[in-house]
Amino acid sequence: MNGALGPEYMVVLGVFASMIAVMVSRQRTIAAYWAALAAVVAAGIWTAALWSSPALPISLYAQGVRVDLFSLAIDGLVLLASAGALLVGWNDARYGADFPALVLLALLGMMVLGLANNFLVLFLGIELLSLPLYVLAASGGYAESREAGLKYLLLGAFSSGILLFGLALLYGASGTMVLTQLANSSLILPLAGAGLALTVVGLVFKLGIIPFHMWVPDVYEGSPLPVTTFMAFGTKVGAAAILLRFLFYGFSVAVGWWEPALGYLAVLTMVAGNLLALAQKDMKRLLAYSGIANAGYLLVGISAHNQAGARAMLFYLLVYGLAVLAAFSVFTMVARERNSVSLNDLTGLARRSPWLTAFLAVAMLSLAGIPLTGGFVGKFYLLQAALDANEPGLAIGLVVGAMIGLAAYVRPLQRAFQGGDGTSEAPVRWPVAGAVVVVIAVLGTIGLGVYPAPIVHIVNHSAAFDWLR
Amino acid sequence: MITQYGALLIYVLVAFLVAYLVASSSQHMGPKAPGGLKRVTYESGIVPEAPVKYFSVRFYRVAMFFMIFDVAVMSLYPWATSLRSLHQAGMLRVLAFLAIVGLAFFYVWNRGGFQWD
Chain A
1 MNGALGPEYM
11 VVLGVFASMI
21 AVMVSRQRTI
31 AAYWAALAAV
41 VAAGIWTAAL
51 WSSPALPISL
61 YAQGVRVDLF
71 SLAIDGLVLL
81 ASAGALLVGW
91 NDARYGADFP
101 ALVLLALLGM
111 MVLGLANNFL
121 VLFLGIELLS
131 LPLYVLAASG
141 GYAESREAGL
151 KYLLLGAFSS
161 GILLFGLALL
171 YGASGTMVLT
181 QLANSSLILP
191 LAGAGLALTV
201 VGLVFKLGII
211 PFHMWVPDVY
221 EGSPLPVTTF
231 MAFGTKVGAA
241 AILLRFLFYG
251 FSVAVGWWEP
261 ALGYLAVLTM
271 VAGNLLALAQ
281 KDMKRLLAYS
291 GIANAGYLLV
301 GISAHNQAGA
311 RAMLFYLLVY
321 GLAVLAAFSV
331 FTMVARERNS
341 VSLNDLTGLA
351 RRSPWLTAFL
361 AVAMLSLAGI
371 PLTGGFVGKF
381 YLLQAALDAN
391 EPGLAIGLVV
401 GAMIGLAAYV
411 RPLQRAFQGG
421 DGTSEAPVRW
431 PVAGAVVVVI
441 AVLGTIGLGV
451 YPAPIVHIVN
461 HSAAFDWLR
Chain B
1 MITQYGALLI
11 YVLVAFLVAY
21 LVASSSQHMG
31 PKAPGGLKRV
41 TYESGIVPEA
51 PVKYFSVRFY
61 RVAMFFMIFD
71 VAVMSLYPWA
81 TSLRSLHQAG
91 MLRVLAFLAI
101 VGLAFFYVWN
111 RGGFQWD
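Chains A and B, in that order, give the protein sequences.
According to the numbering used here, the first sequence is numbered sequentially starting from 1.
According to the numbering used here, the second sequence is numbered sequentially starting from 1.
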């Protein structure tokens, strides 16, 4: 055992600590936030300590979970996402004292998704991730938030049903629940094909791939800003991790069944997602469509089905997450009491708060993939993976999508740098917690663009799937 | 191919036609009396005794908490039936489980989940 599941236990303890803090403390909200943040930091330290453990990879609970360097990398990413979400919404009474505990529960689901090696654990992770997010989406207390929560609940329950049906068919067709025990010879054909299709549909629904993306913009727009931050980064990491686990560990035995379909979905998502992002006036909707397009980029790494693809996907998750954290923390500062930021709110931001605009510019340019930001390096690795896999179509789709996306991301910047005389409105106020997030995220984005070698080293070790080409 | 299965096709068509005719015959031929009692919310042919009242949404909350804790405590029965063979390890795990359920119960209590107003 030797503490391989330590990070997960830390998060569980954090949930309890945060709940007890709400019950016993007089300043219940701030106490719950500190307890949750302490748990996230402790889990992060434990994850880092496990990295060089000689016991890995290790399978536990009758091969139900598999702790390896891949799961540790996913742990690191989702811990970063939840720390960012906690800090963006730091001590905000609007979201209630339950916010930190719910974030930690969803975080636990994402960590379980990184470990899952069994259909049941997979489904457990998906539900553990989704149920707290339904509540979080509705936690704003205003009408749009409730609508977002209900919409997410209904569509999420529907997709969970599809996923569960697919998993049941797969179990019937293969006779095993363990991903690494699937073998091509033991699959009963039409049943296994239907099961695989339904399961993949259920998983890409959570990832927000076109044509299963309809819930994404509405839910992102209606949810409170810290929740949107968490969903945009954390949920993407969790869904991409389990899709990669499921397809690379389990269905490497039947690549021909899913590789072409995912390739077409990736190209469709990259192009259509960026085109839809062009038309958005609300910043949350813009980032929602950007999240859809970026899920398409992630899918390039998966459908390339090689080691380079898996590495590029992990690297891109970090790059995308840092840019999203920076952008959303800037938007949270601009929005203040309200819960949305439109293009008009950004007019003249460069005169009001030059530093904030600079940080927003770095985040947007990274999402667009401009050199010297992490986004460029991430897209470069994805392109390389697509070409390594002899999939020129994927590479062309990626480049076309990125070109359209550039126009979408430059529009808010153009608004920010024009208009405003600098005297009519006071500068945007900086809460300390949000400032920490934005500075770390921007430094990380630039650092990954200039000197990606350390992270590339980590990613290469965590995605060393030597059974792939 | 077509000639082989042509008879089957005709059979399927006839089957669907008959099923449709039987099912829709009451709509085509039956008498129609719109209005009156048919406008009542839960139309059953019986005049309601009092105006329709909806349940308070609080019942939903109570029902949900009952469901959660009831199902959680229900998991004790399999443990209780195999109490002897599980020894001390089973006892410790059940105590941990009860601690978690208890924490959740006190959390709901503390946050005002059991208050009616």
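All residues carry an ideal CB built from backbone N, CA and C; glycine is no exception.
Computed from a predicted structure; not experimentally measured.
Practice item. Please classify Y77/B: is it buried, with 16 or more other beta-carbons within 10 angstroms of its beta-carbon, or exposed? Key: The sequence position of residue 77/B within the second sequence is 77, counting from 1. Y77/B comes out exposed.
Review point. From what residue to what residue does the beta strand (DSSP E) around L187/A run?
Key: Stepping through the first sequence from its first residue, residue 187/A is reached at position 187. Bounds of any beta strand (DSSP E) do not take in L187/A, whose DSSP letter is neither H nor E.
**Study point:** Whole-number beta carbon distance between L278/A and I74/A, since they are thought to touch under 8 angstroms
**Key:** As a first step, residue 74/A must be located in the first sequence, where it is residue number 74. As a first step, residue 278/A must be located in the first sequence, where it is residue number 278. Taking C-beta atoms under 8 angstroms as the contact rule, I74/A and L278/A fail to qualify, at a distance of about 32 angstroms.
Check your understanding: Using a beta-carbon distance below 7 angstroms, is Y107/B in contact with chain A?
Key -> On the second sequence, position 107 is the one that residue 107/B refers to. Yes - at least one Cβ of chain A is within 7 angstroms of the one on Y107/B.
Check your understanding: Looking at the structure shown, is R111/B part of a helix, part of a strand, or coil, going by DSSP?
Key -> Stepping through the second sequence from its first residue, residue 111/B is reached at position 111. Note: R111/B maps to coil in three-state DSSP.
Practice item. Classify D98/A as helix, strand or coil using the three-state DSSP reduction. Key: As a first step, residue 98/A must be located in the first sequence, where it is residue number 98. Coil.
Review point. Which residues of chain B have a Cβ atom closer than 7 angstroms to the Cβ of M19/A, listed in chain order?
Key: Translated into positions along the first sequence, residue 19/A becomes position 19. Those are L103 and Y107, listed as they occur along chain B.
Review point. Could you give the uninterrupted runs of the alpha helix (DSSP H) lying entirely in the region 381 to 419 of chain A, keeping only those of 4 residues or more?
Key: As far as the region 381 to 419 of chain A is concerned, its whole alpha helix (DSSP H) runs of at least 4 residues are 392 to 417.
Review point. With 16 as the cutoff for other CB atoms within 10 Å, does T332/A come out buried or exposed?
Key: Counting from 1 along the first sequence, the entry for residue 332/A is found at position 332. Burial call: buried.
Review point. Would you report the Cα separation of G348/A and F417/A, rounded to the nearest angstrom?
Key: Stepping through the first sequence from its first residue, residue 348/A is reached at position 348. Stepping through the first sequence from its first residue, residue 417/A is reached at position 417. Approximately 6 angstroms between the Cα atoms of the pair.
Exercise for review: Tell me S493/A's beta-bridge partners as DSSP assigns them.
Suggested key: Nothing can be reported for residue 493/A: it is not among the residues displayed for chain A, which extend from 1 to 469.
Review point. Just how far apart, CA to CA, sit K32/B and S26/B?
Key: Your numbering for residue 32/B matches position 32 in the second sequence. Your numbering for residue 26/B matches position 26 in the second sequence. When rounded, the distance between both Cα atoms is 10 angstroms.
Point to revise | Nearest-angstrom Cβ-Cβ length linking G222/A and S145/A, presumed shorter than 8 angstroms | key: For the purposes of this step, residue 222/A is identified with residue 222 of the first sequence, where counting begins at 1. For the purposes of this step, residue 145/A is identified with residue 145 of the first sequence, where counting begins at 1. Contact between G222/A and S145/A holds: their C-beta atoms lie close to 5 angstroms from each other, under 8 angstroms.
Practice item. To the nearest angstrom, report how far apart P217/A and V439/A are at their CA atoms. Key: Your numbering for residue 217/A matches position 217 in the first sequence. Your numbering for residue 439/A matches position 439 in the first sequence. C-alpha separation (whole angstroms): 27 angstroms.
Check your understanding: What are the boundary residues of the beta strand (DSSP E) that R66/A is part of?
Key -> Within the first sequence, numbered from 1, the residue matching residue 66/A stands at position 66. For R66/A, the enclosing beta strand (DSSP E) starts and ends at V65 to V67.
Exercise for review: Decide if the region 97 to 111 of chain A is in contact with the region 34 to 41 of chain A; the criterion is three or more beta carbon pairs, one per stretch, under 8 angstroms apart.
Suggested key: The region 97 to 111 of chain A vs the region 34 to 41 of chain A: in contact.
Point to revise | Outcome for N390/A when other beta-carbon atoms lying within 10 angstroms are tallied against a minimum of 16 | key: The count along the first sequence starts at 1 and reaches residue 390/A at position 390. By the 16-neighbour rule on beta-carbons within 10 angstroms, N390/A is exposed.
Review point. Does any CB atom of chain B fall closer than 7 angstroms to the CB of M283/A?
Key: In the first sequence, counting from the first residue as 1, residue 283/A sits at position 283. No, M283/A lies away from the interface with chain B (no Cβ there is under 7 angstroms from its Cβ).
**Study point:** Contacts of M23/A in chain B (Cβ-Cβ under 7 angstroms)
**Key:** The residue given as residue 23/A occupies position 23 in the first sequence. Under the 7 angstroms cutoff, chain B gives F106, Y107 and N110.
Practice item. In angstroms with no decimal places, state the Cα-to-Cα distance between G397/A and V271/A. Key: For the purposes of this step, residue 397/A is taken as the residue at position 397 of the first sequence. For the purposes of this step, residue 271/A is taken as the residue at position 271 of the first sequence. Looking at the backbone, the Cα of G397/A and that of V271/A are separated by about 7 angstroms.
Review point. Does the distance from the C-beta atom of M110/A to that of G3/A stay below 7 angstroms?
Key: The sequence position of residue 110/A within the first sequence is 110, counting from 1. The sequence position of residue 3/A within the first sequence is 3, counting from 1. No, the pair does not count as a contact, with Cβ atoms beyond the cut-off.
Exercise for review: For I58/A, name the three-state secondary structure that DSSP assigns.
Suggested key: For the purposes of this step, residue 58/A is identified with residue 58 of the first sequence, where counting begins at 1. Of the three classes helix, strand and coil, the one that applies to I58/A here is strand, per DSSP.
Review point. Name the DSSP bridge partner or partners of N118/A?
Key: Looking up residue 118/A in the first sequence gives position 118. Residue pairing from DSSP places N118/A in a beta bridge opposite V178/A.
Point to revise | Three-pair Cβ contact test at 8 angstroms for the region 459 to 469 of chain A versus the region 61 to 80 of chain A | key: Contact annotation: the region 459 to 469 of chain A touches the region 61 to 80 of chain A, with at least three C-beta pairs closer than 8 angstroms.
Exercise for review: Inspect the beta-carbon positions of M283/A and V324/A and report whether they are closer than 7 angstroms.
Suggested key: If you number the first sequence from 1, residue 283/A lands on position 283. If you number the first sequence from 1, residue 324/A lands on position 324. No, they are not a contact pair.
Check your understanding: Taking just the CA atoms, how far does G89/A sit from T29/A?
Key -> Position 29 of the first sequence, counting from 1, holds the residue named residue 29/A. Position 89 of the first sequence, counting from 1, holds the residue named residue 89/A. Answer to the nearest angstrom: the Cα atoms are 11 angstroms apart.
Review point. Run through DSSP, which three-state label would Y33/A get?
Key: Within the first sequence, the letter at position 33 stands for residue 33/A. Note: Y33/A maps to helix in three-state DSSP.
Review point. Smallest Cα separation from V101/B: which of A23/B, I68/B, G90/B and P34/B?
Key: Here residue 101/B refers to the residue found at position 101 of the second sequence. Residue I68/B is the option with its Cα nearest to V101/B.
Exercise for review: Thinking A43/A and G234/A are a contact (beta carbons under 8 angstroms), I'd like their distance in whole angstroms, please.
Suggested key: The residue labelled residue 43/A in the question sits at position 43 within the first sequence. The residue labelled residue 234/A in the question sits at position 234 within the first sequence. Taking 8 angstroms as the upper bound for CB-CB distance, A43/A and G234/A are not in contact here, some 14 angstroms apart.
Practice item. Output the distance between the C-alpha atoms of R336/A and V71/B, rounded to the nearest integer angstrom. Key: Start at 1 with the first residue of the first sequence, and residue 336/A comes out as number 336. Start at 1 with the first residue of the second sequence, and residue 71/B comes out as number 71. For R336/A and V71/B, the distance between alpha carbons rounds to 42 angstroms.
Exercise for review: Could you check what DSSP says for V47/B in three-state terms: helix, strand or coil?
Suggested key: The residue given as residue 47/B occupies position 47 in the second sequence. Here V47/B sits in coil by DSSP.
Review point. Which chain B residues are close to F16/A, counting only those with a beta carbon under 7 angstroms from its beta carbon?
Key: On the first sequence, position 16 is the one that residue 16/A refers to. Taking a Cβ-Cβ cut-off of 7 angstroms, the neighbours of F16/A in chain B comprise L103, given in sequence order.
Check your understanding: Short check: CB of A385/A to CB of G309/A, under 7 angstroms?
Key -> By one-based count along the first sequence, residue 385/A stands at place 385. By one-based count along the first sequence, residue 309/A stands at place 309. The answer is yes: Cβ separation under 7 angstroms.
Review point. Measuring CB to CB, does A408/A end up less than 7 angstroms from F359/A?
Key: To locate residue 408/A, count along the first sequence from 1; it is residue 408. To locate residue 359/A, count along the first sequence from 1; it is residue 359. Going by C-beta atoms, A408/A is not nearer than 7 angstroms to F359/A.
Review point. Going by the beta-carbon positions, is the gap between S329/A and G434/A smaller than 7 angstroms?
Key: Working through the first sequence from its first residue, we reach residue 329/A at position 329. Working through the first sequence from its first residue, we reach residue 434/A at position 434. Their beta carbons are under 7 angstroms apart, which means S329/A touches G434/A by this criterion.
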